[in-house]
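Worksheet for the structure shown next.
In the numbering used here, the protein residues as written are 2 to 606.
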């Protein structure tokens, strides 16, 4: 099932003891523990396997916490007041350097750096023994280790202390010292880019199936391009290094082996793991290490499926539900016409293909969700569970004996659609609006959504043939976008709806570098939505045929206008009120250096 099949992964754990490493074990030498031997490239490959395994720590991406922190996650059960107090510091913007996740994420990144440095030290010792036949494998291993060392420094740089973090380029020991001072943001950026550039120039473009999921040149190109894009820090009109970012994104788009996946059954499903759109993803596997509990370090499963629907997890905020519900369909596209089983009659899909793939909301009467149609399958409770779930991480057929908290589905870190949207931003900022529209519309066409913009003579190509209506005209919104209005569309519609709760803190970093965190919280705080009853025709779970019966989901549908019956909890005007009041750039733009690091690092206190 999983092709991140580092076949000796269990042996690796035993050899290196990585699964039981505590924070202190990363900075202290145990004289009673046998030292790791690096006798050949097989040994260092096993070390690399452990680097990959370290990426499975859920704190590294922090999908749930980053959803709460940005504008993409309501913190669990309870409306209008969430009941899970431990979730609130991120949602309310009250986190400090003593919060558990802030420390856990820091440690997860530096743990991967530690393991990568171990491998690099071993490879350095083997360099003098290399034969010409082994040089290519050696270089590829060095490139992988440097990719992850660079990537982790990039993650730390983009999320902690204004980028002023610790550079770890060797294993701490008695000689080098365990304490390490902070480096400047510019020094950290130069360091991780040097690693990523080496990886870009030396990583393979692809691997055979035994190493499917390993880092490629294209993953490094994506990270490098993203790092240059992230230099735009002063709002939508900022001057970032767009030309350098575009060079890397263009390489991925034009020369990489990627394409947008159009089959919904292969998007965010087990069947679609390592699909043609995937640039880099994390391979989980519930078949290994089942003796470990779901909260133990080193487990190879994740809790994201449970957290997508569990009472302490991240639910969809109402603005996201309404945005997905309201996407404009391309009514000339046959994919939006649903043929009724049994009768042969047709209806227009109630929600977009994108909404069906990414969100579970009551309006989606046609898509399966946990053995029922979504309308009946999701838990809707106005005062409790809310109004919708993200579907990207939900695993419906989990048979792991440890329960629903143990999921084995892969987690996509980077995919082609993200690169399209980042390249589109670069094109907007450099004045090529038509080029940006074409990239955005490629994504919209994949979902059979109405295209945007004013069509020009270049548009009626093979990509959009199915979008021509009977008059031979492309089905678009015919809006003459300006740089400002197209950038607003990218910030508030296209990117959040396509990449919701994905990747490494994408939404928060975007909001910060665009300079709109406060503006966005105020916008959401001042918005008012309403919940009303949703009436529907019941359908057979297997055939999809209407049963002749009707049902009502009480207060299940989100509106942006008052239906005239909304009272008390039916009015949703409280989301992000506290965040809007509490947000302070100096305190919230970046996480602080964790208190645990300050206490254990003599050069920081």
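Don't be surprised by glycine CBs; every beta carbon is placed ideally from N, CA and C. Keep in mind it's a predicted model, so treat the numbers as computed, not measured.
Rounded separation between residue i and residue j - CA only
i, j, result
"residue 510", "residue 405", "30 Å"
"residue 138", "residue 118", "18 Å"
"residue 607", "residue 387", "The displayed coordinates of the chain run from 2 to 606. Any statement about residue 607 would go beyond what the structure contains."
"residue 530", "residue 561", "5 Å"
"residue 584", "residue 519", "7 Å"
"residue 225", "residue 242", "11 Å"
"residue 541", "residue 349", "19 Å"
"residue 376", "residue 253", "39 Å"
"residue 320", "residue 180", "45 Å"
"residue 314", "residue 435", "40 Å"
"residue 260", "residue 445", "14 Å"
"residue 464", "residue 476", "Its pLDDT being 48, under 50, residue 464 is placed unreliably by the model, and the measurement read from it follows with that caveat. About 13 Å."
"residue 371", "residue 396", "9 Å"
"residue 55", "residue 159", "20 Å"
"residue 186", "residue 153", "14 Å"
"residue 85", "residue 439", "43 Å"
"residue 337", "residue 328", "12 Å"
"residue 121", "residue 132", "18 Å"
"residue 1", "residue 215", "It is not possible to answer for residue 1, since the shown part of the chain is limited to 2 through 606."
Which listed residue (the options) has its alpha carbon closest to that of residue i
i, options, result
"residue 355", "250, 451 and 524", "451"
"residue 264", "517, 505 and 449", "449"
"residue 256", "51, 434, 215 and 206", "206"
"residue 533", "171, 378, 49 and 571", "571"
"residue 171", "164, 187 and 151", "151"
"residue 144", "477, 210, 198 and 521", "198"
"residue 53", "597, 286, 83 and 69", "286"
"residue 200", "189, 218 and 213", "218"
"residue 249", "124, 272 and 194", "194"
"residue 157", "244, 421 and 106", "106"
"residue 523", "202, 141 and 582", "582"
"residue 593", "122, 140, 162 and 65", "162"
"residue 553", "79, 299 and 363", "363"
"residue 306", "99, 332, 537 and 59", "59"
"residue 558", "100, 322, 408 and 165", "322"
Same chain, Cβ closer than 6 Å to residue i, neighbours up to 5 away in sequence not counted
i, result
"residue 549", "none"
"residue 268", "262 and 358"
"residue 587", "none"
"residue 247", "427"
Contact set for residue i: own chain, Cβ-Cβ below 7 Å, skip 5 residues either direction
i, result
"residue 400", "none"
"residue 419", "500 and 504"
"residue 415", "220, 223, 280, 281 and 504"
"residue 604", "180, 181 and 182"
"residue 227", "423"
"residue 69", "76, 88, 91, 92 and 315"
"residue 96", "90 and 103"
Exposed unless 16 or more other CB atoms sit within 10 angstroms - verdict on residue i
i, result
"residue 551", "exposed"
"residue 402", "exposed"
"residue 304", "buried"
"residue 480", "exposed"
"residue 424", "buried"
"residue 607", "Nothing in the structure corresponds to residue 607, since the chain is present only between 2 and 606."
"residue 211", "exposed"
"residue 276", "buried"
"residue 555", "exposed"
"residue 384", "exposed"
"residue 191", "exposed"
"residue 288", "exposed"
"residue 393", "buried"
"residue 155", "buried"
"residue 389", "buried"
"residue 495", "buried"
Neighbourhood of residue i by C-beta distance below 8 Å, restricted to the same chain and skipping five residues each side
i, result
"residue 600", "606"
"residue 38", "44"
"residue 544", "342 and 343"
"residue 165", "183, 184, 185, 186 and 189"
Whole-Å CB distance - residue i paired with residue j, under 8 Å assumed
i, j, result
"residue 694", "residue 352", "The structure shown does not extend to residue 694, since the chain is modelled only from 2 to 606, so the question has no answer here."
"residue 577", "residue 72", "7 Å"
"residue 528", "residue 92", "16 Å between Cβ atoms; not a contact."
"residue 484", "residue 573", "Not confirmed; about 33 Å, so no contact."
"residue 487", "residue 437", "6 Å"
"residue 188", "residue 167", "The pair is not a contact, with the Cβ atoms about 11 Å apart (cut-off 8 Å)."
"residue 317", "residue 391", "6 Å"
"residue 412", "residue 283", "5 Å"
"residue 127", "residue 49", "Wrong, their Cβ atoms sit about 13 Å apart, outside the cutoff."
"residue 61", "residue 110", "6 Å"
"residue 209", "residue 148", "Not really, about 19 Å apart at Cβ, beyond 8 Å."
Residue i Cβ short of 7 Å to the ligand FMN heavy atom set
i, result
"residue 554", "Within the structure as shown, the ligand FMN is missing, as the structure has no ligands at all."
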